[in-house]
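J.: All residue numbers for the sequence shown refer to our numbering, where the first residue is 287 and numbers rise by one.
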Amino acid sequence: MTDHIAFSADRHALILLDQRFLPDREEYFVCRNTADTVYALQTMVVRGAPAIGVTAAYGCYLAAREAAEAAASDGAWKDRLAALLTELEEARPTAVNLRWAVSRLRGQWQAMSDPSLDALASAWLCTAQDMHAEDIEINKAMGKNGADCIADGDTVMTHCNAGALATAGYGTALGVIRAAFEQGKRIRVIANETRPFLQGARLTAYELSKEGIPVTVACDNAVGHLMKQGMVQKVVVGADRIAANGDAANKIGTYTVALIAKAHGVPFYVAAPASTFDLSLASGDLIPIENRTPREVTHVGEHRIIPENVPVYNYAFDVTPADLISGIITEKGVLTAPYAASIRAAIGGK
Ligand code: MRU
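(1) What do you reckon, is the C-beta of Asp526 under 8 Å from a heavy atom of the ligand MRU?
(2) Would you call Val598 buried or exposed, if buried means 16 or more other Cβ atoms sit within 10 Å of its Cβ?
(3) Assess, as a yes-or-no matter, whether the stretch 542-558 is touched by the stretch 578-591 under the definition of 3 or more beta carbon pairs within less than 8 Å.
(4) Take Asp310 as the anchor and find which of Arg578, Ala487 and Asn383 has the nearest alpha-carbon.
(5) Regarding Val523 and the ligand MRU, is the C-beta to nearest heavy atom distance less than 8 Å?
(6) Is there contact between the stretch 405-415 and the stretch 437-451, where contact requires at least three CB pairs shorter than 8 Å?
(7) Decide if Pro500 is buried, meaning its Cβ has at least 16 other Cβ atoms within 10 Å, or exposed.
(8) Using CA coordinates, which residue listed in Arg297, Asp322, Asp296 and His298 is at the minimum distance from Asp304?
(9) Is there at least one non-hydrogen atom of the ligand MRU closer than 8 Å to the beta-carbon of Cys446?
(10) Is there contact here, the stretch 531-540 with the stretch 384-400, by at least three beta-carbon pairs under 8 Å?
(11) Applying the criterion that 16 or more other CB atoms from any shown protein chain within 10 Å of the CB defines a buried residue, is Cys412 buried or exposed?
(12) Which same chain residues, not among the five before or five after Ser294, have their C-beta less than 7 Å away from its C-beta?
(13) Could you name the residues of the same chain whose beta carbon sits closer than 7 Å to that of Met330, not counting the 5 residues immediately before and after it, in chain order?
(14) If you compare alpha carbons, which of Ala448, Gln415, Ala414 and Met417 is closest to Leu429?
(15) Excluding the five sequence neighbours on either side, which residues of its own chain have a C-beta within less than 6 Å of the C-beta of Ala544, listed in chain order?
(16) Specify the secondary structure class of Arg474 as computed by DSSP and reduced to three states.
(17) What does a CB cutoff of less than 6 Å around Met417 pick up in its chain, not counting 5 residues either side in sequence?
(18) Do you know how far the Cα of Leu621 is from the Cα of Ser628?
(19) Pick from His290, Gly613 and Thr542: whose alpha carbon is nearest that of Met513?
(20) Considering only C-alpha positions, which residue in the set Thr453, Gly498 and Ile573 is nearest to Ala602?
(21) Mind listing, in chain order, the continuous alpha helix (DSSP H) runs of no fewer than 4 residues lying wholly within the stretch 427-505?
(22) Pick out the complete alpha helix (DSSP H) segments inside the stretch 301-333, 4 residues or longer, and give them in chain order.
(23) Is Ala381 helix, strand or coil when you go by DSSP?
(24) Which residue marks the beginning of the alpha helix (DSSP H) containing Tyr625, and which one marks its end?
(25) Quick one: what's got a C-beta closer than 8 Å to Val382's C-beta in the same chain, skipping five residues either side?
(26) Flag Gln515 as yes when its Cβ comes closer than 8 Å to any non-hydrogen atom of the ligand MRU, and as no otherwise.
(27) Ala508: which of Gly539, Ile591 and Val523 sits nearest, CA to CA?
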């Protein structure tokens, strides 16, 4: 599953598999400018930390084309382009990969001495394509490193979707599961359904069942019961941002899973690439948590399930403290406590 983020051969459009409609139908959403890309990011046409990083990189190229159209009349493109890049990196607040991708391209612009807009756009498209390919390779390396954490016969619980759909391909947490499966380990997966956007029920179940990896969906509130019954041997989840001390932000509900795993002695792993670490933040308390529209909670499809005028919480992420994490699986190896030191050594010079 690597064609869910594609760039058109005529270099005019980014084509995204619209994840809002899965598994019902495979429909594509086309981005031609910054407004389209920001819309796709915010409404979760595309979601998952590495996938939104790659999308933003292509978005920078589309922004350069858009700035070129505006410049045709007055020749002034630099301020306009800088403003479009800010719109892209602010589309969602929690996953640091979005800012990481835009700042990589911004850095490339700064390193070119006074480029023409055409030269900059061409350079950016090449970089976006490199980032796209690199992310798949990184996930495969991460999968290989993490597969050793999974034993033959394990049932592995995961939360949200940290699979091919959430990355450029192969996946982080699901990459680890895929690699263990490819090694011939007989594993089963429990995908927590992940209210309210249902990434686990809709996307993880879609991805794994397509590949013949045994998967069972469970309600989020079944985690305690399943672990108490001894039905889960490992947990592997992804992350949206990891602070310098190892605290990891991931989809809302992950912290609860980690606490229950600790209570039952179930190892809890986080799988994430170097681009998900934010060493400028000393701890997870500083990670911004996205607060999304109440409609995702008040409605199931078009049907309202909560009385009118009753407020709801829709925090999209929570932070799992480092002391609940058994290991952080990266493309550079599996990092263990004390995390401040192991993260600095492995990721410090990323
Ligand atoms: O709101 P989403 O669907 O973008 O949240 C995604 C997650 O929380 C994933 O677990 C995380 O980005 C890791 S993806 C490899």
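Each residue gets a CB set at the ideal place from its N, CA and C atoms; glycine is no exception.
T.: Let me spell this out:
(1) yes
(2) exposed
(3) no
(4) Ala487
(5) yes
(6) no
(7) exposed
(8) Asp322
(9) yes
(10) no
(11) exposed
(12) Ile301
(13) Gln305, Arg306 and Phe483
(14) The sequence shown places Gly at residue 429, not Leu. Of Ala448, Gln415, Ala414 and Met417, the residue nearest in Cα terms is Ala448.
(15) Phe554, Thr606 and Leu610
(16) strand
(17) Val340 and Ala343
(18) 6 Å
(19) Thr542
(20) Ile573
(21) 459-468 and 491-496
(22) 320-328
(23) coil
(24) Tyr625 to Ile633
(25) Ala335, Asp526, Arg527, Ser561, Thr562, Phe563 and Asp564
(26) no
(27) Gly539
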